[in-house]
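Protein chains in written order, with the numbering used here: chain A, 70 to 991; chain B, 869 to 1380; chain C, 10 to 125. Glycine is no exception: its CB is placed at the ideal position from the N, C-alpha and C atoms.
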Amino acid sequence: MLLPILLALPFAAALILLVAPRVGRNFAAGVVACAALAGMGVLAWMAPAMIDGEVLRFNVEWLPLLGLAFSLRIDGFAWMFAAIVLGIGALVVLYARWYLAEDDPPRRFFGLLALFMGAMLGITIAGNLLLLVVFWEMTSVSSFLLIGFWNHRADARLGARMALTITGAGGLCLLAGVLLIGNIVGSYELDAVLAAGDVIRTDPLYLSALILVLLGAFTKSAQFPLHFWLPHAMAAPTPVSAYLHSATMVKAGVFLLGRMHPALAGSDEWFWIVTSVGLSTMVIGAALAIVQQDLKGLLAYSTISHLGLITLLFGLDTQLAVVAAVFHILNHATFKASLFMAAGIIDHETGTRDFRKLNGLWRYMPITGALAVVASLSMAGVPLLNGFLSKEMFLAETLAIAHPPMDWLVPAFALLGAMFAVAYSARFVHDVFFNGEPECPAGIPHEPPRFMRVPVEVLVIVCLAVGIAPQYTVAPLLEIGARGVLQGPLPEYTLALWHGLNLPLVFSVIALVAGVALYYVLQRGKALHRRDDRPLAKLGFDATLERVIALSRRITAAMENGSLQRYLLLFILSVLVLGSAPFLAAPSAPAPASSLAPHPLAILVWVLAIAGVIAVLRWHRQRVVAVILIGAVGLAVSLSFVLLSAPDLALTQLLVEMISVILLLMALRWLPQVGAPEPATAIRWVHAAVAVACGVGTTALVYAVLSRPTQSVSEYYLRSAVPEAGGANAVNVIIVDFRAFDTLGEIAVYAIAALIIHAMLKGASSAVLPAHATPGPHRTSLLLQISTQVLLPLAIAMSLYLFLRGHNAPGGGFIAALVLAVALILQYMAAGVRWSEKRIASDWHAWIGWGLLAALATGLGSFAFGYPFLTSSTPYVAIPAIGAVPLASAMGFDAGVYMVVLGASMLMVSMLARLKSERGAA
Amino acid sequence: MNHLPVLAVALPLLVGAVLVLLHAVPINARRVVALLGALAQLALSIALLRTAADGTVSVYLLGNWPAFAGIVLVVDRLAALMVLLTATLGLIGLLYALAGQDRRTPHFHALFAFQVAGLSGAFLTGDLFNLFVFFEVLLISSYGLLLHGGGANRVRRSLHYVTFNLLGSALFLIAVAVLYGVLGTLNMADLARKIAQAPAADAAVIQSAGLLLLGVFALKAALLPLYLWLPNTYAAASAPVAMLFTVMTKVGVYAVLRVYTLLFGADAGVGANLAWPWLLPLGLATIGLATFGALAAQSLRRLVGYLIVASAGTLFVAIATASEASIAAALYYLLHSTLATAALFLLADLVRRGRQQAGDSLRRVDALAHRTALGLAFVLAAVSVAALPPMAGFLAKAMVLDAIGVQGHGAWIWTVILGSSLGVIVALARAGSHLFWRGDSAPGPAGAAALRPRLPERAALGLLLLLGVALTVFAQPVSEFTRATAAQLLAPQALIAHVLGAQPRAQLEPTP
Amino acid sequence: MELLLASAIGVLMAAGVYLVLRARSFDLILGLTLISYAVNLCIFAMGRLAPGKPPVIRDGAALTLAQHADPLPQALVLTAIVISFAMTALLLVIALRARSGSGSDHVDGREPGDQA
């Protein structure tokens, strides 16, 4: 139960900072520090268990389907690492309290710091690999935000993005690797995975899993060639560098190596990959560290090199090497953190981090100087300091390698690396504190505030204590940690200053002497100051990213060029492919057709239709003509409906045709009467070909169906139309009863269309009219006026009649409404808007609204009788001259249809008409 | 009897009708009606989900006719889930619009209600032609909402969008007609039964019709090469509309899930597993191109548009794998991506207001008011969309990858999906760093106060993010639900039997 | 007869598609109108062809599809006609607004020559 508390502490701190009304530096730092210290307390509480080699666990289900559980698990290694995270964390917070400037928002800084602390803690004590990935990526995100803390600086933004990109990519690789391991083992629980080492190593997927996981670790721990993001992360405030980029986050990679050691290590692949990467990183990092001009740059490359060293040790894959690795993790954390803080102090007090400006600071800040010197000696591996001890172990291990050619290659390069380490340490000491006079932007430098130095002092004292009397200080901690990695008993080793005169010692001495000499040679006459340190990595990264972006722009522009024609063509082509694929795959022989003999009238209609179509194609730019022609085609269509015994369709088609023609003609007043001629390009032929293909395809499909025998549910409608739905006109019965729900949707669509048109044209007449539009003169023929006025009452009667008989004979609400609408529209055409709206003024919205309500109400009415929506009941009443009319509840529904259709049609037309009249008046 | 299914459609229609009648009254009255309607709709859909949660399939015989003759509404887990999602986003979008965007055009609230009605109807109907009708309802409302606010750009985008969908509708009709012509029914369950029994001679025609339907749905769901309309259209829409549109692409996904598991599922005889071979490669290609689009995007809203396309691609890849686990993962992913992209659309709108000159451009630099708060929200949403822990996006992506596995093409699919994740991370990091980090801090308090997001807007955004968090925390129950949903989809026989077996109640006798 | 109808549908469809692919909003609308004719006829045809047998129940005619044309496709066509008409009207108005917005009736709101 302690584990969740331990983990919750930092997040709680972050939450407090998020919600707290006012946050000052003291408060913020206090909260986070308390969280860290409390965490330390919890760890101390656990210490006995750890010494006994116990493993504490906590487990809650999270996403069982995936195998992701919120399970925490702490063993010695995790415990040791958690101690580093919290201990250094507390010191960094204290330091940052004094480091931050007045105008740096403390809420954000310490909040993010706490968030990171929690995530890092999560990595160490996660008991489920997926959970580990979760925290892993959280550190990437929080580090992105922390590096970009001073976001007004371009280098900060770039550094942040670079870090996120590289570590993010690594995180994705890690995720993939973890998922693979999960598939192999059958569980993501750490205990299961660590126990299944042999299964994993023998699995065919082992190599891919290994590489993916290693990619994750190497990106995080800035291993060559993925190291370049770390120097750029130095744009972060120094406390962040000290915490994330030396002591903890970059250690997550090597932590992972240690964590997965029992599961993944112990194979040749592991040995070769990890060792070579670690070795090259160590040497290259150290070499580059020497030539930096930026204080933090040097420290960053030195960190890279030390991480390489640790990686190399894990790669060597002997138990002693592991012990050495764990030991060096501890030591590096202490001396490197203190060095970063010292660098921060220097930066803070002098206003620069440039070696070329910083010289001879010893005189101005002797105490800081002394601390920094001790720490850097430890970094160089000078005896009496902790760095020396682990470096000795390291050298000893390199000399113990068996695999040729590594048995001589590694020691040689290790020596080289050690030498470089001495060289850059020497430079750090000499170039900053001696070697001339400072030229500081911030005036005469002086010692920092008291408390800013305390953390450094603490860490340096640790370095000394460990270095002088290891067996009394670090020994138990190291034992606990190492045992956690190896998941078993430890090999024999002695922590002592003096192992007698042996090869490692000789190596150390050589490294020290040669290193100092090397620095002396390089630096003669400040030669190092004249080297330019243009970060090639940055340029490379930028260039690559820009290339990717440019590529994306090209691809996107090529795909999405904003041309409707292009998109439509793509759409139609893909439809052709989809539709024809099955036929091409398996050409099916059409079943024998029961073909009807072509009716002579049908042939006539066919000719009319085809001729009309061709004419439309020919004259589609003479738009008025085209409208008339298309009307003719529509006529042919409705004739064919007549021929093929669909009276309702014929009527509807005819009426809709009339209204559309009217609308089109109205609209044409504000569109060019003559379409712009089109350049005769090849694309037109492509379009023509595609069009023909569509035609042929449709014909084939339709014919293929027509040549098959039918087997429809429709006979049911014929049988039950009269007895159950009380209507003889099967079509109408289907519309208002069997499938009334369709009709409901349909009138909704019709109503919405009218509403939108109203919304678009409302008061927009002036906007809608292009200056160069040339509407025809507005004339009203008297004859037409009279005739329509005579016609109007007739139309009303007609529409009423059609409406009432609709259930039994062709007609019905829709058709009836259209009849009236057409008559009214003719009225508008003939008499002009003002005249008409004086007489037939009506709130068409009300018609639409009430119509919809009526339709819905009839539907809901059947609830009262305990029947489903739209269930009809059909009492008949006799009306003279029309006969028995089914007063079906369906009639109520049909009335709704009638009102909506009338209202909507009139709304559309009146909007367009008003548009015209206003233009006419203007 | 239980009228919930039809009420989920009838209620918003009713609200819409009332709002039409109230078109002249002061807007606050309409706001109240709309808000009450949305709340009622949410309550309804929650009740609906409860009925479906235990796996019962409720069949509602409209007009009390037998299923094959009339139109049926079918409520299974998937339908209920989608209806709930719609109601939720509808309510949140409405909330956001209340801050003032609903004034820009008459009928905004009515159209919004009709859109919800259309979506719910499409999710609930068990009849293929009726599905077409409700597609039209939701489409035409979406046209109105897209035009909402006016402006030449919107109008032009709408012209493209409408044209596209009109062709799509024509295609839909042809496909439905052909299916009817061969099989003689429109009821999906009946169709499923008859397709399974269809003779080999009819195979080509049936498959052809089925694939034409795929074309329609792919257009709606923005699948390669039919996604090109989406980024600009959504970028042109006003924020509350755009966020409701995030559900609209999911209608296409829903339709694919429904039709190709029910009609053309594993045991559909001549039509078995019709769509999957097409969806997998197209989905992968879509992910790739959408990622490039996201990297290339020069405004936040276009970026989000491409993220939607990418998520559609991922969904189709997972669906095309057609295993219970993969479809379950896909559904979880669907919920997450809908919420996250919706949140990003609202954010984009607030950012546009916060930067007076540069809008949401990712090229021009400008000060941003209230950037800390907006930045925080952006980080939350972006982390989720980019599938970074600890948000739902990560869980969703992990589930998808895990469900697909590395067997067969798995390795390729993993590469594409993870690669696209990296691309999205880069794109969002660039966008975020540009919008929230570049440019000096916000204008003076006087200006800032005016730009402050209003309460409803903050509430809407907060709700979306909160839901995202809830999706993460309650991953277990949600994923179990989606798992059960997937199981239900992959075993359609139960549903078919239910629908075809549903008996009308004794009919009222017509008085002669 | 079947071939006659099928071919007519094909011709309408082809012409419609060609017109839709013209870049002018008005041609677009003409094309969509033709396509909707084709689609309506297509739906209608799916009930097979039955001249002279309207689906209105008459005394003496057996209630079979042999004696009546299939009513269902006709009902569907009615719905389809209305919807496509609504859509066309809407598209028409959008086209008007687009023209007034950009001064061009090109679907992309700009004449092929000029940029932006």
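Residue i in three-state terms, based on DSSP
{"i": "Val818(B)", "result": "Because chain B spans 869 through 1380 in this model, residue 818(B) falls outside it and cannot be assessed."}
{"i": "Leu619(A)", "result": "The sequence shown places Ala at residue 619(A), not Leu. The answer is helix: DSSP assigns Ala619(A) an H, G or I state."}
{"i": "Ser1191(B)", "result": "coil"}
{"i": "Gly1300(B)", "result": "helix"}
{"i": "Ser979(A)", "result": "helix"}
Residue i classed as buried or exposed, judged by whether at least 16 other C-beta atoms fall within 10 angstroms
{"i": "Gly505(A)", "result": "exposed"}
{"i": "Leu912(B)", "result": "buried"}
{"i": "Ile1022(A)", "result": "With chain A running from 70 to 991 in the structure shown, residue 1022(A) is simply not present."}
{"i": "Phe1262(B)", "result": "buried"}
{"i": "Glu120(C)", "result": "exposed"}
{"i": "Ala948(B)", "result": "buried"}
{"i": "His472(A)", "result": "exposed"}
{"i": "Val1367(B)", "result": "buried"}
{"i": "Ala393(A)", "result": "buried"}
Chain C within 8 Å of residue i, Cβ atoms only
{"i": "Thr993(B)", "result": "no"}
{"i": "Met977(A)", "result": "yes"}
{"i": "Phe883(A)", "result": "yes"}
{"i": "Leu854(B)", "result": "It is not possible to answer for residue 854(B), since the shown part of chain B is limited to 869 through 1380."}
{"i": "Glu1004(B)", "result": "yes"}
Nearest-angstrom Cα separation, counted from residue j out to residue i
{"i": "Pro1378(B)", "j": "Gly796(A)", "result": "Because the pLDDT of Pro1378(B) is 46, which lies under 50, any placement of that residue in the model is unreliable, and the question is left without a value."}
{"i": "Ala1255(B)", "j": "Gly240(A)", "result": "11 Å"}
{"i": "Val29(C)", "j": "Gln909(B)", "result": "40 Å"}
{"i": "Phe872(A)", "j": "Ala885(A)", "result": "5 Å"}
{"i": "Phe340(A)", "j": "Gly384(A)", "result": "5 Å"}
{"i": "Ile250(A)", "j": "Asn95(A)", "result": "46 Å"}
{"i": "Ala1260(B)", "j": "Leu389(A)", "result": "42 Å"}
{"i": "Pro306(A)", "j": "Ala225(A)", "result": "9 Å"}
{"i": "Gly486(A)", "j": "Phe576(A)", "result": "11 Å"}
{"i": "Arg1232(B)", "j": "Phe640(A)", "result": "34 Å"}
{"i": "Ser621(A)", "j": "Ala1299(B)", "result": "15 Å"}
CB contact check: residue i to chain B, cutoff 8 Å
{"i": "Trp131(A)", "result": "yes"}
{"i": "Gln722(A)", "result": "no"}
{"i": "His756(A)", "result": "no"}
{"i": "Gly118(C)", "result": "yes"}
{"i": "Leu99(C)", "result": "yes"}
Proximal chain F residues relative to residue i, where beta-carbon distance stays under 7 Å
{"i": "Gly764(A)", "result": "Among the chains of the structure shown, chain F does not appear; the protein chains present are A, B and C."}
Of the listed residues the options, nearest to residue i (C-alpha basis)
{"i": "Leu248(A)", "options": "Ala1279(B), Ser1167(B), Leu1041(B) and Ser1106(B)", "result": "Ala1279(B)"}
{"i": "Leu199(A)", "options": "Ala1264(B), Glu1325(B) and Ala937(B)", "result": "Ala1264(B)"}
{"i": "Ala1266(B)", "options": "Tyr1200(B), Pro894(B) and Leu879(B)", "result": "Tyr1200(B)"}
{"i": "Ala245(A)", "options": "Gly1300(B), Phe1304(B), Ile1364(B) and Val1284(B)", "result": "Val1284(B)"}
{"i": "Met1056(B)", "options": "Ala1086(B), Leu996(B) and Ala1038(B)", "result": "Leu996(B)"}
Chain A contact for residue i (CB, 8 Å cutoff)
{"i": "Ile52(C)", "result": "no"}
{"i": "His1277(B)", "result": "no"}
{"i": "Gly69(C)", "result": "no"}
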